[in-house]
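Colleague:
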Amino acid sequence: MIKKFDKKDEESGSGSNPFQHLEKSAVLQEARIFNETPINPRRCLHILTKIIYLLNQGEHFGTTEATEAFFAMTRLFQSNDQTLRRMCYLTIKEMANISEDVIIVTSSLTKDMTGKDDVYRGPAIRALCRITDTTMLQAIERYMKQAIVDKVPSVSSSALVSSLHMVKMSFDVVKRWVNEAQEAASSDNIMVQYHALGLLYHLRKNDRLAVTKMLNKFTKSGLKSPFAYCMMIRIASKLLEETEGGHDSPLFDFIESCLRNKHEMVVYEAASAIVHMPNCTARELAPAVSVLQLFCSSPKAALRYAAVRTLNKVAMKHPSAVTACNLDLENLITDSNRSIATLAITTLLKTGSESSVDRLMKQISSFVSEISDEFKVVVVQAISALCQKYPRKHSVMMNFLSNMLRDDGGFEYKRAIVDCIISIIEENPESKETGLAHLCEFIEDCEHTVLATKILHLLGKEGPRTPTPSKYIRFIFNRVVLESEAVRAAAVSALAKFGAQNDDLLPSVLVLMKRCMMDSDDEVRDRATFYMNVLQQKQKALNAAYIFNGLSVSVPGLEKSLHQYTLEPSEKPFDMKTVPLATAPITEQKTEIAPVATSKLPEKLAPSRQDIYQEQLAVIPEFQGLGLLFKSSEPVQLTEAETEYVVRCIKHTFANHMIFQFDCTNTLNDQLLQRVLVQMEPSEAYEVLHYVPAPSLPYNQPGSCYSLVRLPEDDPTAVSCTFSCTMKYLVRDCDPNTGEPDDDGYDDEYVLEDLEVTVADHIQKVLKPNFGAAWEEIGDENEKEETFALATVRTLDEAVNNIISFLGMQPCERSDKVPENKNSHVLFLAGVFRGGHDVLVRSRLALADGVTMQVTVRSTDENVVDVILASVG
Amino acid sequence: MDSAALEPSLYTVKAVFILDNDGNRLLSKYYDPELYPSMKEQKNFETNVFNKTHKADNEIAFLEGMTIVYKSSIDLFFYVVGSAQENELMLMAVLNCLFESLSQMLRKNVEKRTLLDNMDGVFLVVDEIIDGGVILESDPQQVIEKVNYRADDNPLSEQSVVQVLQSAKEQIKWSILK
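Residue numbers (the numbering used here), protein chains in the order written: chain A, 1 to 873; chain B, 1001 to 1178.
This is the structure in structure tokens:
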């Protein structure tokens, strides 16, 4: 009785939300009336709604109480109230993961699913599939098959979508329903068509041939559902990408024809698919761009947004293709939706002329504070791209960026700005001082440790080489006084670099160092003490080795080597040369914001690719005792892409040996290959010691076989060699469906392309942040110099790229970039030769008719110098 | 912002939610278990979205790497969330269907009080439009037919005379007992 009054109060006297002050325990108490006879549908309905509402609000239900409520709810199946029954289905779905023994309702749901009442059938199927597991699925399989082809659309759709959800759980069972799904795909109902297409694709997506057939069928018969069309466009463009099909293929024609569909959704999907295709020509883009142009003036904000966002993408790769839309984009820069306005402006920045930059920047700064961080990052990226395009504009940009840096914003946003400023500094030497000044100001009040350390590192690198290095000292020392441990440690390292580079600052730096030695943090103190002692020696070589150019070994590798050393105590001191080198970070120069290579920060503790190979090779008994893996090459393809067998090779270099790892894939589904190995015939004095075959290669499962080769010992200059390779194996024919092989097989072989070993395979890239210091450190003991004429090379850029890829060494001091309109250039390369010998190359290039190149090589080992000069010649 | 093309899939909708004009959650469903798995992350996301969208009726926004289409009505805000690469117009179709269906069901009174009074119907409508992230139906007329729900204006009319008498009797009893 009291309960009843509570409820009355709630319904009439509460404020705006009748569910506001719901108590879980009270609601569960109320749920007891589920057990009353006769059932009162209205009240039960209200209580079920409350339970679902609570679950939706994130209220936690314990297993026991949930199970209790769930079992009480099952009684409500006796009522025939439609809404109540539907709410029961919802409750089942919501509680499927919370309550125990939910399968108790299986029979009730099966009854509803197969009953006469169409209103119940679809929802019942969906609820049932939610609580079913693989074993129970077999029991309802018959009903599911019937439901998929049911003529009532809601039933068929429900069955198809539920099947799709269950593909993840029991692929094998759902796979058997493919014929039914096929039948449903030809339904007149647009949603059934869409769902059937989706299910069919998920079942067949690993079978490219079947997908192609399916696409052909549907493109011919035509579909009614715009959703289905969008799905087809996505499938088609994925297929195009995988098969690298040319743009004359029927798939491309299909996508292009969708540009004339009557639904905007389909037209947009097609345009977006074309825009995202790799290597699309301007002519192929044109129709897509023109429909997007039309959308720009749509009254629907979502359509304008979609269009301008896609145009923004096009502008990154093909700015000229978007120029036609400039007028429409101009109209959008005052759009009330700031996202649209931002995208329009950033697109215009990419396509417009240099003269419009100032105007656009003014426009965007008027509302930059209103847009979300995501779009601010887009703006910063646009600015970064702009600086590369119009280097003269960097002062405008730098001002704008420093203003943005002062505004509020999240970490991603600030990082984008800092990266952008750093890349401007590196591109334009004349902007260095203003840029560093802005960054100095920023770290005065910077809450992000990562950014502060990054900037300090940059200051240490660039600051000492500016005309007035002393002005940065104050900013750096302020960090030592005010910041957290990580930042203080970074500041100490930066200070040391000033001391090492500038003799007149050294006394003051030493004073500051002394103060840092009293820091409360261990790391800071250790660094200060270390640098203090190095600096006091006043030796250039020491400075180079320990202050400018840090360790170039891989951190996990060092850890492993040290651990090994402690396990086997010996009289010999630990040798740093035995530690594998860190694979130099590959800096992609073309990316919007060039990631700055920071070899000093111990950020990348995750095992590198090379560390993974090292472990893989170490477990093969034949390869014991080879020492440490020195270098692993990028994979080299030894077959064409679309052949029976696909083989690629990775070359692993050790101190005196090489291992060739052949990753083979068998693309024939009616063959099983066994005892696969690649026989190698060397052209030089290389000796093949061992073959480790791959035991078996089933269809589409990659496997690896290895060959171990000894490098010629008597002739250290023999670094290049050509191997002719043949793959040998035992073929057993098998049934394509079951993979069951025949009993007997036959030997066969397959000729692969030749494999080259070049000087680059013997050299590991190492980044020397301060090349000059490293150059002095090695000294001219083993220096050799030679001049070459490169007759076939026409530009300095080409020459630089050729040398880098030929020697496989790391360009330092950004010398891989040739400034425009220059006819001479100096390239600095650093690396470590097999065996742990440092090697540096300075190459002076002059452009006349061809390119003349003077190469100077320094190394700790004389042979290495000869090897390099011999291979260049 | 994004680069990879979309894997063809029917899983279009990542989340859908309805908030009131203070940003409180009235209903919300997350369909991708990897997206905001905990309640705290979900509520943070909703607050962030609400703060960025409730002032201007802009229809579409891009936040936390998600495309969000939205619509407001009196004191309610409706949101549909999809991945960054998703076709914005598909999400709009879902949002429009949701709004139109509710508008029909609530006889054009799309405001908080009516919505809450018919919360069971709202749950059912959402369930008919999206199933586990897949668009189940996009035609509001079909949705209304499938849900077959009658919003009641006057709750009293439903109660039988006997029930009214019964409750009157109890109230009198109660007042006497007091």
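Even glycine gets a Cβ: it sits at the ideal position worked out from N, Cα and C. Computed from a predicted structure; not experimentally measured.
Helix or strand or just coil, what does DSSP make of Arg121/A?
Modeller: Position 121 of the first sequence, counted from the first residue, corresponds to residue 121/A. Looking at Arg121/A - three-state DSSP - the assignment turns out to be helix.
Colleague: Please name the residue, chosen from Asp101/A, Tyr699/A and Met398/A, that lies closest to Leu668/A on a Cα-to-Cα basis.
Modeller: As a first step, residue 668/A must be located in the first sequence, where it is residue number 668. It is Tyr699/A whose Cα lies nearest to the Cα of Leu668/A.
Colleague: Quickly, what does DSSP pair Asn80/A with across the bridge? List them, please.
Modeller: Residue numbering aside, residue 80/A sits at position 80 when the first sequence is read from its first letter. Bridge partners of Asn80/A: none, in fact.
Colleague: By how many angstroms is the C-alpha of Asn1109/B removed from the C-alpha of Gln1141/B?
Modeller: Residue 1141/B sits at position 141 when you count from the first residue of the second sequence. Residue 1109/B sits at position 109 when you count from the first residue of the second sequence. Those two C-alpha atoms are separated by around 17 Å.
Colleague: Can you tell me which of the three DSSP states Lys50/A falls into?
Modeller: Walking along the first sequence from the start, residue 50/A turns up at place 50. Helix, per DSSP.
Colleague: Leu251/A and Leu199/A - do their beta-carbons sit closer together than 7 Å?
Modeller: In the first sequence, counting from the first residue as 1, residue 199/A sits at position 199. In the first sequence, counting from the first residue as 1, residue 251/A sits at position 251. For Leu199/A and Leu251/A, no; Cβs fall outside 7 Å.
Colleague: What residues in the stretch 45-65 of chain A have a beta carbon less than 7 Å from any beta carbon of chain B?
Modeller: The residues in question are Leu45, Thr49, Ile52, Tyr53, Asn56, Gln57 and Gly58.
Colleague: From the DSSP output, in three-state form, read off Gly557/A for me.
Modeller: Taking the first residue of the first sequence as position 1, residue 557/A is located at position 557. Helix.
Colleague: When you compare only the Cα positions, how much space is there between Phe623/A and Asp838/A?
Modeller: As a first step, residue 623/A is located in the first sequence; it is residue number 623 there, counting from the start. As a first step, residue 838/A is located in the first sequence; it is residue number 838 there, counting from the start. Looking at the two C-alpha atoms, the distance is approximately 26 Å.
Colleague: Within 10 Å of its beta-carbon, does Val1147/B have 16 or more other beta-carbons around it, so buried, or fewer, so exposed?
Modeller: Here residue 1147/B corresponds to residue number 147 of the second sequence, with the count starting at 1. With 16 or more other Cβ atoms within 10 Å, it is buried.
Colleague: Using the three-state DSSP reduction, which class does Met853/A fall into: helix, strand or coil?
Modeller: Start at 1 with the first residue of the first sequence, and residue 853/A comes out as number 853. Met853/A: strand per DSSP, three-state reduction.
Colleague: Report yes or no: is there a C-beta of chain A within less than 7 Å of the C-beta of Leu1010/B?
Modeller: As a first step, residue 1010/B is located in the second sequence; it is residue number 10 there, counting from the start. Closer than 7 Å to some Cβ of chain A, the Cβ of Leu1010/B qualifies, so yes.
Colleague: What residues of chain B sit near Phe876/A, judged by a beta carbon separation below 9 Å?
Modeller: Beyond the ends of chain A as shown, which are 1 and 873, falls residue 876/A; an answer cannot be given.
Colleague: Between Asn863/A and chain B, is there a C-beta pair that is closer than 7 Å?
Modeller: On the first sequence, position 863 is the one that residue 863/A refers to. Judged by the 7 Å Cβ criterion, Asn863/A is not in contact with chain B.
Colleague: So which residues on chain B does Phe662/A lean against when the C-beta distance must stay under 8 Å?
Modeller: Position 662 of the first sequence holds residue 662/A. In chain order: nothing, as chain B lies at least about 30 Å away.
Colleague: Rank Met277/A, Gln293/A and Phe227/A by C-alpha distance to the C-alpha of Met265/A and give the top, closest one.
Modeller: Stepping through the first sequence from its first residue, residue 265/A is reached at position 265. The residue with the shortest Cα to Cα distance from Met265/A is Phe227/A.
Colleague: Between the Cα of His318/A and those of Leu285/A, Ser824/A, Leu292/A and Asn326/A, spot the shortest distance and give me the residue it belongs to.
Modeller: Taking the first sequence and counting its residues from 1, one reaches residue 318/A at position 318. Looking at the Cα atoms, Leu285/A is the closest of the given residues.
Colleague: Select from Ser187/A, Arg204/A and Asp188/A the residue whose C-alpha is nearest the C-alpha of Arg176/A.
Modeller: Translated into positions along the first sequence, residue 176/A becomes position 176. Taking only the C-alpha atoms, the option nearest Arg176/A is Arg204/A.
Colleague: Tell me whether Lys205/A sits in a helix, a strand or coil according to DSSP, three-state version.
Modeller: Locating residue 205/A in the first sequence gives position 205, counting from the first residue. It is coil, neither helix nor strand.
Colleague: What residues from chain A crowd round Ser1025/B, counting only those whose CB sits closer than 9 Å?
Modeller: Here residue 1025/B refers to the residue found at position 25 when the second sequence is read from its first residue. As written in the sequence, residue 1025/B is Arg, which differs from the Ser given in the question. Those are Asn56, Gln57 and Gly58, listed as they occur along chain A.
Colleague: With the cut-off set at 7 Å, would you say Leu364/A and Ile345/A are in Cβ contact?
Modeller: As a first step, residue 364/A must be located in the first sequence, where it is residue number 364. As a first step, residue 345/A must be located in the first sequence, where it is residue number 345. The residue you asked about is not Leu; residue 364/A is Ile in the sequence shown. Result yes, Cβ atoms of Ile364/A and Ile345/A sit closer than 7 Å.
Colleague: Check the DSSP bridge columns for Gly1082/B and list the partner residues they point to.
Modeller: Mapped onto the second sequence, residue 1082/B falls at position 82. DSSP output for Gly1082/B lists Thr1067/B as bridge partner(s).
Colleague: By how many angstroms is the C-alpha of Ser339/A removed from the C-alpha of Asn312/A?
Modeller: Translated into positions along the first sequence, residue 312/A becomes position 312. Translated into positions along the first sequence, residue 339/A becomes position 339. Cα to Cα, Asn312/A sits roughly 12 Å from Ser339/A.
Colleague: Which chain B residues sit within Cβ distance under 9 Å of Glu269/A?
Modeller: Position 269 of the first sequence, counted from the first residue, corresponds to residue 269/A. Those within 9 Å of Glu269/A in chain B are Asn1087, Leu1089 and Met1090.
Colleague: Cα-Cα, which of Leu45/A, Ile51/A and Glu94/A is closest to Leu76/A?
Modeller: Stepping through the first sequence from its first residue, residue 76/A is reached at position 76. Measuring from the Cα of Leu76/A, the nearest candidate turns out to be Leu45/A.
Colleague: Please list, in chain order, the residues of the stretch 300-325 of chain A that have any C-beta partner in chain B closer than 7 Å.
Modeller: Result list: Ala301, Ala302, Leu303, Tyr305 and Ala306.
Colleague: In whole angstroms, give me the CA-to-CA distance for Ser260/A and Ala270/A.
Modeller: In the first sequence, counting from the first residue as 1, residue 260/A sits at position 260. In the first sequence, counting from the first residue as 1, residue 270/A sits at position 270. Here the sequence assigns Arg to residue 260/A, which means Ser is not the residue at that position. About 9 Å.
Colleague: Below 7 Å CB to CB, which residues in the same chain sit around Val65/A once its five sequence neighbours on both sides are set aside?
Modeller: Within the first sequence, numbered from 1, the residue matching residue 65/A stands at position 65. It is worth fixing the name first, because residue 65/A is Glu in this sequence and not Val. Around Glu65/A: Leu28.
Colleague: At 7 Å on the CB atoms, spell out the chain B contacts of Ile235/A, in chain order.
Modeller: For this step, residue 235/A is matched to residue 235 along the first sequence. Here the neighbours are Pro1008.
Colleague: Under DSSP, the beta strand (DSSP E) around Ser257/A begins and ends at which residues?
Modeller: Here residue 257/A corresponds to residue number 257 of the first sequence, with the count starting at 1. Here Ser257/A belongs to no beta strand (DSSP E); instead the alpha helix (DSSP H) covers Pro250 to Ser257.
Colleague: Going by beta carbon distance, what residues of the same chain come within less than 7 Å of Met809/A, once the five residues before and after it are set aside?
Modeller: As a first step, residue 809/A must be located in the first sequence, where it is residue number 809. Hits under 7 Å: Ile763, Lys765, Leu829, Ala830, Gly831 and Val841.
Colleague: Could you tell me if Pro1008/B is buried or exposed, where buried requires 16 or more neighbouring beta carbons within 10 angstroms of its beta carbon?
Modeller: As a first step, residue 1008/B is located in the second sequence; it is residue number 8 there, counting from the start. So Pro1008/B counts as buried.
Colleague: If we define contact as Cβ-Cβ less than 7 Å, is Lys1052/B a contact residue for chain A?
Modeller: Position 52 of the second sequence, counting from 1, holds the residue named residue 1052/B. Answer yes: the Cβ-Cβ gap between Lys1052/B and chain A drops below 7 Å somewhere.
Colleague: So what's Phe574/A in DSSP terms, helix, strand or just coil?
Modeller: Against the first sequence, residue 574/A aligns to sequence position 574. It is coil, neither helix nor strand.
Colleague: If you run the structure through DSSP and keep just helix, strand and coil, what is Thr134/A?
Modeller: Residue 134/A sits at position 134 when you count from the first residue of the first sequence. Helix, per DSSP.
Colleague: Classify Met169/A: buried if its beta carbon has 16 or more other beta carbons within 10 angstroms, exposed otherwise.
Modeller: In the first sequence, counting from the first residue as 1, residue 169/A sits at position 169. Exposed: under 16 other Cβ atoms inside 10 Å.
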